[in-house]
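See below for the structure under consideration.
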Amino acid sequence: MKNYLLIFTAAFIFVNADAQNNETLLPDSSSIISPIHKKSFNNDGECPVRKQGGNTRMINGYQVFDGSMDGDRQVDPQIAVGGGYILEASNRGLIIYDKKGNFINGVSQKCFNNGIDPKLAFDIHDKVFLFDMWWYYDKAKEKPVNISVSETSNPNGAWNIYPVSRKEEVDGGAIGYSKKWIAYSYPGGSENAFVLKMSDAKAGKPATVYFFKGNIGEPVMTQDDVDDLYFFSINDSEFIVRKISEGTDGKPYCTTVSKGLHHFQYIDYPPESPQKGTAQKISSGDRNPKNLILQNGCIWFSQAVNCNGRSAVQWSQLSLSKNKFLQTGLIKSDTTNYIQTTIGVNKNNDVLIGFQEANEHSFVSSRFTYRLHKDRKGTTRKIIRIAEGKAAGDGDAWGDYSGTCIDGDNLANLWTIQSWANAKGKASSVIIKVPFKK
Numbered sequence: 003m004k005n006y007l008l009i010f011t012a013a014f015i016f017v018n019a020d021a022q023n024n025e026t027l028l029p030d031s032s033s034i035i036s037p038i039h040k041k042s043f044n045n046d047g048e049c050p051v052r053k054q055g056g057n058t059r060m061i062n063g064y065q066v067f068d069g070s071m072d073g074d075r076q077v078d079p080q081i082a083v084g085g086g087y088i089l090e091a092s093n094r095g096l097i098i099y100d101k102k103g104n105f106i107n108g109v110s111q112k113c114f115n116n117g118i119d120p121k122l123a124f125d126i127h128d129k130v131f132l133f134d135m136w137w138y139y140d141k142a143k144e145k146p147v148n149i150s151v152s153e154t155s156n157p158n159g160a161w162n163i164y165p166v167s168r169k170e171e172v173d174g175g176a177i178g179y180s181k182k183w184i185a186y187s188y189p190g191g192s193e194n195a196f197v198l199k200m201s202d203a204k205a206g207k208p209a210t211v212y213f214f215k216g217n218i219g220e221p222v223m224t225q226d227d228v229d230d231l232y233f234f235s236i237n238d239s240e241f242i243v244r245k246i247s248e249g250t251d252g253k254p255y256c257t258t259v260s261k262g263l264h265h266f267q268y269i270d271y272p273p274e275s276p277q278k279g280t281a282q283k284i285s286s287g288d289r290n291p292k293n294l295i296l297q298n299g300c301i302w303f304s305q306a307v308n309c310n311g312r313s314a315v316q317w318s319q320l321s322l323s324k325n326k327f328l329q330t331g332l333i334k335s336d337t338t339n340y341i342q343t344t345i346g347v348n349k350n351n352d353v354l355i356g357f358q359e360a361n362e363h364s365f366v367s368s369r370f371t372y373r374l375h376k377d378r379k380g381t382t383r384k385i386i387r388i389a390e391g392k393a394a395g396d397g398d399a400w401g402d403y404s405g406t407c408i409d410g411d412n413l414a415n416l417w418t419i420q421s422w423a424n425a426k427g428k429a430s431s432v433i434i435k436v437p438f439k440k
């Protein structure tokens, strides 16, 4: 995903003016979308099986196995875990593993109406998988966002795909969910968000898609047992939390529920990171969080920021009821760069932070750290090294190469998928299980 700093700032100011007046934002428009039904993950054999990955082993005491490995680049790797399965996606397609890392099934992204920039989740309330893929090469120029929802917790079964036309957008966005809603938002172009009801998508019914104009933030993965769906945005000085609720007429509306100064010392976009033996630098990521979690009344996120000229990982816990940050931590170094981060939080407030490392003397390598809920505020444990890069990447073709999530079955274990540079300088990935007490 590209960065659209100027566009983001302008849209934020416009929406924030409404928020200061405490106005309720209503949908700008709506559309009824009929789903594309798939009887099974590979449509009863119509989609060629895409087999690869696996090779489970222990690295530094953690279960690790390879993610997708076919093709030139495995850009934008993401995972979701639930129903006894791991669903992985990249710009090349989707793969299903069991929790031991054994390959189950795999197909090209073409089997889900095509698309790139996937974002995945396992809805722990409705026990279904959902993901999006944005397709802007279609001949009809509809540039649909394909929202796909499994009908059960078994991703091998039936799926419902909702192709939502977004002609004016210029980049893939982010997905979120609550008990009631599925949401999607864009980072650039004609900024907007849309929502649809989870119950319709799970059942495969024609769904009313509601569109909100302007930047209302990035949708949150709502792990708390609530209907409302939250959005979060941040700029140089302040944060805003908005939420989508259902009105008495069954339609959604948006209100501002929390805003304030964040007082972060480090908030600038991170610089690109150097690599060994080349002047070509690699993208470090984005100060805008790649995923956000609502757990136990708090929004959690991590972001890549500029810390004294190097990329560092900053993570935070924001209390909605107190309208303030309870803790913030910084994973930094004067000699290396920590890049492309995502976060996972379990029911006990244990935290997993996944990211990569790159510097003048190495290549993009997979890392993670964690903290227990009882640890001192703002701190994380030692950094765990998982996969070491072998060659320099080409700099501009890696995308969002990190994903972290909760285990949707026990709500305790956390998982992460992290990229590393293989011998050709392309993105390979590893999937890591980090167990926590129930």
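Sequential numbering from 3 applies to the sequence shown in the working numbering. We treat Cβ as the ideally placed atom computed from N, Cα and C, and that holds for glycine.
Which residues share a DSSP beta bridge with residue i?
{"i": "Leu294", "result": "Phe303"}
{"i": "Phe214", "result": "Ala195"}
{"i": "Met223", "result": "Tyr179 and Ile295"}
{"i": "Gln316", "result": "Gln305 and Leu332"}
Alpha carbon to alpha carbon, how far is residue i from residue j?
{"i": "Leu7", "j": "Tyr271", "result": "Because the pLDDT at Leu7 is just 31, under 50, the model does not fix this residue reliably, and the value given afterwards should be weighed accordingly. Rounded to whole angstroms, Leu7 to Tyr271 spans 9 Å at the Cα level."}
{"i": "Ile388", "j": "Thr210", "result": "44 Å"}
{"i": "Ser187", "j": "Phe196", "result": "7 Å"}
{"i": "Lys379", "j": "Ser335", "result": "19 Å"}
{"i": "Ile295", "j": "Leu132", "result": "16 Å"}
{"i": "Gly262", "j": "Leu332", "result": "21 Å"}
{"i": "Ile1", "j": "Val432", "result": "No statement about residue 1 is possible, as the shown extent of the chain runs from 3 to 440 and does not include it."}
{"i": "Gly174", "j": "Tyr164", "result": "16 Å"}
{"i": "Asp134", "j": "Thr154", "result": "17 Å"}
{"i": "Trp136", "j": "Gly299", "result": "31 Å"}
{"i": "Tyr255", "j": "Asn325", "result": "21 Å"}
Alpha carbons only, please: which of the options is nearest the one belonging to residue i?
{"i": "Gln80", "options": "Tyr64, Gln65 and Ile97", "result": "Ile97"}
{"i": "Lys426", "options": "Asp396, Thr418 and Lys384", "result": "Asp396"}
{"i": "Glu25", "options": "Thr258, Lys112 and Ser155", "result": "Thr258"}
{"i": "Phe370", "options": "Trp417, Asp173 and Val172", "result": "Trp417"}
{"i": "Gly86", "options": "Cys113, Val130, Asn93 and Tyr64", "result": "Val130"}
{"i": "Asn424", "options": "Val366, Ala185, Leu231 and Ile345", "result": "Val366"}
{"i": "Ser235", "options": "Glu144, Asn290 and Asn348", "result": "Asn290"}
{"i": "Lys283", "options": "Asp230, His264, Arg312 and Ser70", "result": "Arg312"}
{"i": "Ala203", "options": "Lys292, Phe214 and Lys181", "result": "Lys181"}
{"i": "Ile126", "options": "Phe114, Ala160 and Met200", "result": "Met200"}
{"i": "Tyr138", "options": "Tyr179, Leu122, Glu171 and Gln319", "result": "Glu171"}
Can you tell me which of the three DSSP states residue i falls into?
{"i": "Phe365", "result": "coil"}
{"i": "Ser275", "result": "strand"}
{"i": "Phe370", "result": "strand"}
{"i": "Cys49", "result": "coil"}
{"i": "Phe114", "result": "helix"}
{"i": "Ala205", "result": "helix"}
{"i": "Met135", "result": "strand"}
{"i": "Met200", "result": "helix"}
{"i": "Val172", "result": "coil"}
{"i": "Ala19", "result": "For Ala19, the predicted model reports a pLDDT of 35, less than 50, meaning its position is unreliable and no value from the coordinates is stated."}
{"i": "Lys121", "result": "strand"}
{"i": "Asn158", "result": "coil"}
{"i": "Val347", "result": "strand"}
{"i": "Met71", "result": "coil"}
{"i": "Lys143", "result": "coil"}
Assess, as a yes-or-no matter, whether the segment 202 to 220 is touched by the segment 235 to 247 under the definition of 3 or more beta carbon pairs within less than 8 Å.
yes
Examine the Cβ distances between the segment 40 to 57 and the segment 101 to 109 and report whether three or more of them are shorter than 8 Å.
yes
Kindly confirm or deny that the segment 59 to 73 and the segment 402 to 416 touch, where touching means at least three C-beta pairs closer than 8 Å.
no
Quick one: any contact between the segment 33 to 40 and the segment 346 to 365, if contact means 3 or more CB pairs under 8 Å?
no
Quick check: the segment 301 to 312 against the segment 264 to 282, are there 3 or more CB pairs under 8 Å?
yes
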